[in-house]
Structures are given as structure tokens and as C-alpha cells.
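One structure below.
Protein chains in written order, with my numbering: chain G, 5 to 275; chain U, 63 to 328.
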């Protein structure tokens with residue numbers, strides 16, 4: 005091999021560690037522990053009124069006491085989120101691919117999509133319930149459409165900004181339109197599509213829970229509102245914790261996909 | 063057609079691999095139509111290594127895109143292996159692009175395999191073929207590296223291997239070594255000549271390096287400023303295999319000089 009080849013190890017330069025006094029992970033855990041401690045101690049010392057913030061232990065106790073009710077509500081919310089996600093990701097992803105890769109549509113439709121995205125749809129939710137009732141369908145449709153918009157925009161933006169050199173090379177190799185779409189555009193746009201997954205995921209969760217709060221007979225959002233109206237503060241907080249767990253879990257799933265897919269990107273672009 | 067000014071061309075065996083006939087390209091801009099190429103006319107016999115040089119903005123790259131079937135000419139036509147070219151024909155024409163257009167999420171091996179995958183070649187077969195080509199460009203040990211983990215020279219080697227993987231009869235190269243340093247450029251040029259000798263391809267090589275053009279090519283076409291026209295055809299009578307020592311010879315200097323003068327007078 006001539007001298008132009010770099011050795012395999014030279015490709016990954018040694019990383020210099022200029023550490024803070026604690027590794028970031030430990031610092032994060034420490035902050036969390038401090039917050040949880042404050043949550044327990046401050047209401048107990050009546051530094052904050054317990055009716056506004058219930059101590060952590062009371063929250064957990066009341067959660068365990070009504071475990072059945074919470075589990076049922078959580079089940080309803082999870083099903084709604086799952087269906088809404090499928091809708092937002094599926095329909096949003098496909099529309100994004102089409103709008104991003106078909107030039108005439110891009111100019112005409114994309115600006116419209118992004119201005120609709122700016123409209124706070126939640127104001128129209130009562131109308132939706134008038135049309136299709138306050139059951140699960142209305143939550144799925146509302147949250148699905150709500151999450152679909154960022155998915156469309158992120159996917160279209162990703163496809164649109166793919167380096168044309170990739171497409172040109174593939175065309176010179178005789179790639180068909182479908183091959184260019186699925187073997188070049190989609191993988192090249194994946195980082196952007198991922199951010200669409202993330203934003204759409206949180207919007208869907210927000211959409212479902214808020215819709216439940218506005219008009220519903222089941223689900224975590226409904227439960228939280230109900231407890232709040234009865235001033236059962238610990239239960240309200242337990243409901244909030246469960247919603248946080250759901251978003252955390254969703255985020256974790258997307259993070260798994262992200263780590264797998266982002267392996268090809270140079271580190272410096274990840275920051 | 064192949065009337066060459068400074069030396070008699072060897073009689074081509076059979077029909078030319080590529081015939082460019084009165085090619086003109088006009089494109090529209092906000093300020094009106096711009097003529098990029100004007101009546102380009104040349105032939106490339108089978109197995110020849112032909113260079114195209116010219117000042118930047120002379121339409122070399124447009125010409126290459128047309129030869130690849132990626133851009134339609136406004137007038138005239140291109141005949142590749144006796145059939146007019148209207149769309150990319152990967153079995154006949156392969157392209158090695160300027161900047162590494164390797165897919166960044168695919169490993170070196172997967173990138174070399176890609177043209178075969180598009181064509182539906184069986185997995186085992188395309189893997190074998192890609193490995194063989196990586197071996198040929200000296201990168202067998204780097205087959206599982208992603209492009210960003212390779213040096214510029216290595217990436218360009220992968221590109222060349224990819225160009226060969228679909229086994230085209232004609233290889234178009236658009237300033238493939240432009241982004242590389244001098245030493246890498248020379249080494250890669252030598253390697254390319256070696257592979258070329260072994261695989262008997264017809265090569266059309268666009269470059270802005272005159273030394274590279276003289277060193278690699280059988281014939282060099284010199285293009286003028288926009289609108290690009292062919293203003294000189296220089297046959298390179300240096301014998302093969304080419305060696306570095308030839309660069310120091312008077313003939314080499316004269317040829318380089320002549321091309322330079324042609325470009326400068328445009």
C-alpha cells in the first residue's frame with residue numbers, strides 16, 4: 005500500500021478529557037436526587053403549602069392506594085397515544101416524503117403546511133368532539149393530526165436538503181425513482197426524520213393528554229383534571245408522574261433508534 | 063474526425079465507443095439564456111484514455127453529465143457504443159464523481175456494492191466482486207469503514223472501485239483527484255493506469271491539471287472559455303507504461319506547454 009493510506013487507528017483521533025469536577029451523568033443524578041428531596045421536605049416543613057405541592061411520599065402512597073384506577077387510565081392513554089403515533093408517523097412521514105421530493109408540490113404545499121402548523125389546533129378540539137364524540141377516536145384523530153405536521157415538515161426538510169451529489173451518483177448507476185427514494189433520500193434524510201419523530205412524539209403525547217383534560221371520560225388527563233377539581237393534590241401529582249413516565253419511555257425508544265441510525269455521522273455533527 | 067494536429071492517430075479498431083456529435087448546450091438563467099457548450103464534436107475509440115482540460119467554467123462538467131446521460135443536450139447527440147444516449151446506461155457508462163459522492167451511511171464495501179445492489183445482483187456475488195475491487199485499490203482492510211473514517215485519497219479510491227463495480231465499458235471521471243494533495247494524486251493516477259491497463263476500459267477524464275492530463279492520457283481535448291468549444295486536440299505519443307521519469311523529458315514539457323498555450327489563448 006502506498007504511503008497515502010492512513011493507518012486504521014489514525015481515523016479516530018484521541019479525545020482529550022477536560023473533565024468538570026464530576027462526570028455529567030453523576031451531576032445529573034445528583035440534581036435529580038436534590039429535587040426529589042426538596043419535593044419531600046419543603047411541603048413537610050410547610051415552606052410550600054401542601055395543598056399546592058404534596059410531599060413525594062404522600063403522592064406515591066395515594067398512587068399505590070388507587071393503583072387500579074391509575075392503571076386503567078394509563079392503559080387508555082397509552083392506546084390512544086399508540087394509535088395517534090402510528091397515524092402521525094405514517095401519514096406524516098409519507099406526506100413529508102412526497103412533498104419533499106416532488107418539486108412542484110414543494111413550493112405550493114409546504115408553506116401552507118408550515119403555516120397551518122403554527123395554528124394552535126387545540127382551540128378546535130371542542131368542535132371535533134361535537135362531530136365525533138368524546139371517546140378515544142377524537143383523541144387519536146386530534147393528537148394524530150397534531151403530531152403529523154412536524155413529521156411532514158421535518159421529513160420534507162430532510163429530503164429536500166439531501167446532497168444532490170448522492171442523487172446524481174445513484175442516477176448515473178441507473179437507480180429507479182423508487183430506489184432513489186428509499187435507498188438514497190430516506191437514509192440521507194434520516195437525521196432530520198428522527199427529529200420529526202421526536203417532536204411529533206411529544207406533540208402526540210401532549211395532544212392526547214390535553215384532549216383528555218378538555219373533554220373525556222377516561223385516561224390520565226381526565227383523571228388529573230378530576231382529582232384537581234376535588235383538590236386531591238397527591239393524586240394529581242401521581243397522574244403527572246405517570247404522564248412524565250410515558251413521555252420518558254417514548255423518548256427512550258426514539259433515543260434507541262437514534263443511536264443506531266446516527267452511527268454513521270461524524271461525531272462533530274452530533275453536537 | 064480524429065484529425066490530430068501533432069501526430070497521426072492510430073487507426074481505431076471498430077466503431078468508436080463514444081461519439082459526440084455537434085453537441086450544444088444552452089441553459090436558462092434569470093438573465094437570459096447562456097450557451098455553455100458550442101458544437102462539441104469528438105470521438106473516443108475503444109480502450110483509449112482521453113482527457114478533457116479547459117479553464118474553469120468552460121462546461122467540462124456539463125459535458126460529462128451529458129456523457130453520463132444525466133443531462134440532455136439542447137442540440138446534437140451522443141452515441142455510446144452505437145446507440146444514442148438518452149438516459150443513464152450504467153452497463154455502458156460508469157461515473158467517478160468529483161467530490162466523494164459516497165453514501166456516508168454505507169461502509170466502503172457497501173458503497174462499492176451499491177451499483178450492483180441497484181441492479182439486483184445476488185448478495186454473495188456482489189460482495190465477492192466488491193471485495194475484489196477493494197483489494198485492487200488496496201483498501202481490503204478498510205472495507206467496514208464509513209467514508210468519514212477514511213482519508214480523502216482513500217475515499218476517492220473507494221469511488222473508483224465503485225465506478226468499476228458495475229463493470230462499464232466506459233468510465234467517466236470528473237476531476238476525481240482534484241481535492242487531493244500532489245503525492246496522493248500521482249499515486250492514484252498510477253494506480254488508475256494500472257487498473258485501466260488490466261481492465262481495458264475506455265476512459266474520459268476531466269481534469270484541470272495539465273501534468274495529470276499529459277501523464278495519463280492518449281489524447282487531450284482542450285476546451286475554450288464559455289461557450290465551451292474544442293479548440294485543440296493533442297495526441298500524447300509517450301509510450302506506456304508511463305513512468306515518473308517521463309515527466310522530466312523534453313517531450314512531456316512540450317506537450318504540457320502546448321496545452322497551456324492553447325488554454326491561454328482562449
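Heads up, the beta-carbon is just placed ideally off N, CA and C, and yes, glycines get one too.
Determine whether the Cβ of residue i lies closer than 7 Å to any Cβ atom of chain G.
i, result
"residue 313 of chain U", "no"
"residue 130 of chain U", "yes"
"residue 157 of chain U", "yes"
"residue 258 of chain U", "no"
"residue 271 of chain U", "no"
"residue 299 of chain U", "no"
"residue 303 of chain U", "no"
"residue 286 of chain U", "no"
"residue 322 of chain U", "no"
"residue 135 of chain U", "no"
"residue 177 of chain U", "yes"
"residue 118 of chain U", "no"
"residue 163 of chain U", "yes"
"residue 150 of chain U", "yes"
Are the C-beta atoms of residue i and some chain U residue less than 7 Å apart?
i, result
"residue 191 of chain G", "yes"
"residue 15 of chain G", "In this predicted model, residue 15 of chain G has a pLDDT of only 48, less than 50, meaning its place in the structure is not dependable enough to derive any value."
"residue 175 of chain G", "yes"
"residue 222 of chain G", "no"
"residue 205 of chain G", "no"
"residue 179 of chain G", "yes"
"residue 279 of chain G", "Given that chain G is displayed from residue 5 to residue 275, the structure contains no residue 279 of chain G and the question cannot be resolved."
"residue 261 of chain G", "no"
"residue 38 of chain G", "no"
"residue 272 of chain G", "For residue 272 of chain G, the pLDDT reaches just 46, beneath the cut-off of 50, and the residue's location in the model is therefore unreliable, although a value from the coordinates is still provided. It does not; no Cβ of chain U falls within 7 Å."
"residue 82 of chain G", "no"
"residue 169 of chain G", "yes"
"residue 6 of chain G", "Summary for residue 6 of chain G: the model assigns pLDDT 46, below 50, so the residue's position carries little reliability; its value from the coordinates is reported in the next sentence. It does: the Cβ of residue 6 of chain G has a partner Cβ on chain U nearer than 7 Å."
"residue 11 of chain G", "In this prediction, residue 11 of chain G has a pLDDT of 47, which is less than 50 and means its spatial position is unreliable; what the coordinates show is noted afterwards. Residue 11 of chain G does not count as touching chain U."
Measuring alpha carbon to alpha carbon, tell me which residue in the options is nearest residue i.
i, options, result
"residue 154 of chain G", "G:108, G:136, G:208, G:46", "G:208"
"residue 249 of chain G", "G:206, G:163, G:62", "G:206"
"residue 270 of chain U", "U:220, U:293, U:115", "U:115"
"residue 81 of chain U", "U:99, U:245, U:145", "U:145"
"residue 99 of chain G", "G:82, G:117, G:88, G:85", "G:117"
"residue 104 of chain G", "G:163, G:77, G:47, G:81", "G:163"
"residue 176 of chain U", "G:177, G:73, G:234, G:211", "G:177"
"residue 97 of chain G", "G:219, G:201, G:179", "G:201"
"residue 66 of chain G", "G:238, G:251, G:31, G:257", "G:238"
"residue 154 of chain U", "U:104, U:304, U:234, U:322", "U:234"
"residue 221 of chain G", "G:262, G:106, G:193, G:143", "G:143"
"residue 151 of chain G", "G:215, G:204, G:159, G:69", "G:204"
"residue 247 of chain G", "G:70, G:236, G:258, G:227", "G:227"
"residue 232 of chain U", "U:152, U:250, U:103", "U:152"
"residue 142 of chain U", "U:300, U:292, U:264", "U:264"
"residue 304 of chain U", "U:149, U:253, U:212, U:190", "U:253"
"residue 287 of chain U", "U:326, U:250, U:281, U:310", "U:326"
Over what stretch of residues does the beta strand (DSSP E) that includes residue i continue unbroken?
i, result
"residue 50 of chain G", "Taken as a continuous stretch (DSSP letters only), residue 50 of chain G belongs to no beta strand (DSSP E), as it is neither H nor E."
"residue 300 of chain G", "One cannot answer for residue 300 of chain G here, as it falls past the ends of chain G, which runs 5 to 275."
"residue 235 of chain U", "232-236"
"residue 138 of chain U", "137-142"
"residue 281 of chain U", "281-285"
"residue 294 of chain U", "292-297"
"residue 87 of chain U", "80-91"
"residue 103 of chain U", "94-106"
"residue 184 of chain G", "That residue, residue 184 of chain G, is in no beta strand (DSSP E); it is neither H nor E in DSSP."
"residue 265 of chain U", "264-268"
Under 8 Å between beta-carbons, which chain C residues line up against residue i? List them in chain order, please.
i, result
"residue 164 of chain G", "This model lacks chain C altogether, as its protein chains are G and U."
For the alpha helix (DSSP H) holding residue i, just list the boundary residues, first then last.
i, result
"residue 155 of chain U", "Unbroken run through residue 155 of chain U is the beta strand (DSSP E), 155-158; no alpha helix (DSSP H)."
"residue 213 of chain G", "190-218"
"residue 229 of chain U", "Counting along the chain, residue 229 of chain U falls outside any alpha helix (DSSP H), and DSSP gives it neither H nor E."
"residue 262 of chain G", "237-265"
"residue 119 of chain U", "Per DSSP, residue 119 of chain U belongs to no alpha helix (DSSP H) and is neither H nor E."
"residue 127 of chain G", "Careful: residue 127 of chain G lies outside any alpha helix (DSSP H) and carries neither H nor E."
Using a Cβ-Cβ cut-off of less than 7 Å, give me the residues of the stretch 77-92 of chain U that come near chain G, in sequence order.
none
Would you list, in chain order, the members of the stretch 221-237 of chain U that have their beta-carbon closer than 7 Å to a beta-carbon of chain G?
228
Does the stretch 252-263 of chain U come close enough to the stretch 88-101 of chain U to have 3 or more Cβ pairs within less than 8 Å?
no
Three-pair Cβ contact test at 8 Å for the stretch 200-208 of chain U versus the stretch 230-242 of chain G:
no
Taking 8 Å as the cut-off, does the stretch 120-127 of chain U touch the stretch 98-110 of chain U (at least 3 CB pairs, one atom from each stretch)?
yes
Closer than 9 Å between beta carbons: that is the criterion. Which residues of the stretch 179-197 of chain U meet it against chain G?
179, 180, 181
Taking three-plus beta-carbon pairs below 8 Å as touching, is the stretch 273-290 of chain U in contact with the stretch 310-327 of chain U?
yes
Do the stretch 160-174 of chain U and the stretch 130-145 of chain U meet, that is, are 3 or more Cβ pairs less than 8 Å apart?
no
Three CB pairs or more closer than 8 Å across the stretch 43-52 of chain G and the stretch 189-198 of chain G
no
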